[in-house]
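Asker: Numbering (this note's numbering), first residue to last: 2 to 144. Glycine included, C-beta positions come from ideal geometry on N, C-alpha and C.
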Amino acid sequence: MDYDPDRTSRLDPYTGEPPPYEDEYVEEGVVNSDYRRIRTVNIVCTVINVVTVLFAVVLAVHIVLVLGSANMGNGFASFVDSWASGITLGLTGLFTPANANLATLLNEGLAALLWLAIGGLLTYLVRRFALPSRVRHYRRVVR
Numbered sequence: 002m003d004y005d006p007d008r009t010s011r012l013d014p015y016t017g018e019p020p021p022y023e024d025e026y027v028e029e030g031v032v033n034s035d036y037r038r039i040r041t042v043n044i045v046c047t048v049i050n051v052v053t054v055l056f057a058v059v060l061a062v063h064i065v066l067v068l069g070s071a072n073m074g075n076g077f078a079s080f081v082d083s084w085a086s087g088i089t090l091g092l093t094g095l096f097t098p099a100n101a102n103l104a105t106l107l108n109e110g111l112a113a114l115l116w117l118a119i120g121g122l123l124t125y126l127v128r129r130f131a132l133p134s135r136v137r138h139y140r141r142v143v144r
């Protein structure tokens, strides 16, 4: 194949040449009449994701504090401990190994994974049933 140095300038659609009719130009775009609904659904899904990830992070921090033998009399550690006890989804006594640290790791680790799964499932369902179909309508306007 021969090298053609002029090829790029010939294929460039923006060569600076005026359009055939200077008073008209073509505008193409996506027509989306459900913009507000899509935006609301995205905001709701973001809030769901932030809350469920925050719960999972709190449980992970509590696991690290317990495995590191943190002083639970400390203000931060007691705050995380009290918050983690409220969001364990009732899994506190599910696994009962002899080691208390291992029990915390298993029970609260499972709760953290469940929070992430719950967040993913809820956002999937909200988007699946609240968003319109994925059909996009294109229009071409000549002005």
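Using only the alpha-carbon positions, how far apart do residue 66 and residue 43 sit?
Answerer: Their backbone Cα atoms lie some 34 angstroms apart in a straight line.
Asker: Given 8 angstroms as the limit, is there contact between the stretch 80-98 and the stretch 107-118, that is, 3 or more CB pairs closer than that?
Answerer: Taking 8 angstroms as the limit for Cβ pairs, the verdict is that the stretch 107-118 does touch the stretch 80-98.
Asker: For a quick check, are the C-beta atoms of residue 59 and residue 85 less than 8 angstroms apart?
Answerer: The answer is yes: Cβ separation under 8 angstroms.
Asker: Any idea what DSSP makes of residue 47, helix, strand or coil?
Answerer: Of the three classes helix, strand and coil, the one that applies to residue 47 here is helix, per DSSP.
Asker: Identify, in the order they occur along the chain, each residue of the same chain with its Cβ nearer than 6 angstroms to the Cβ of residue 95, setting aside the five sequence neighbours on each side.
Answerer: Counting only Cβ-Cβ distances below 6 angstroms, and skipping sequence neighbours, we find 108.
Asker: Would you say residue 120 and residue 54 are within 8 angstroms of each other, going by their C-beta atoms?
Answerer: Taking 8 angstroms as the Cβ cut-off, residue 120 and residue 54 qualify as a contacting pair.
Asker: Return yes when the Cβ of residue 39 is within less than 8 angstroms of the Cβ of residue 132, no when it is not.
Answerer: It is a contact, given that the beta carbons lie within the stated cut-off.
Asker: Do residue 105 and residue 64 have their C-beta atoms within less than 8 angstroms of each other?
Answerer: Taking 8 angstroms as the Cβ cut-off, residue 105 and residue 64 qualify as a contacting pair.
Asker: Taking 8 angstroms as the cut-off, decide whether the C-beta atoms of residue 102 and residue 68 are in contact.
Answerer: Yes.
Asker: Can you tell me whether residue 80 is helix, strand or coil according to DSSP?
Answerer: If DSSP states are grouped into helix, strand and coil, residue 80 belongs with the helices.
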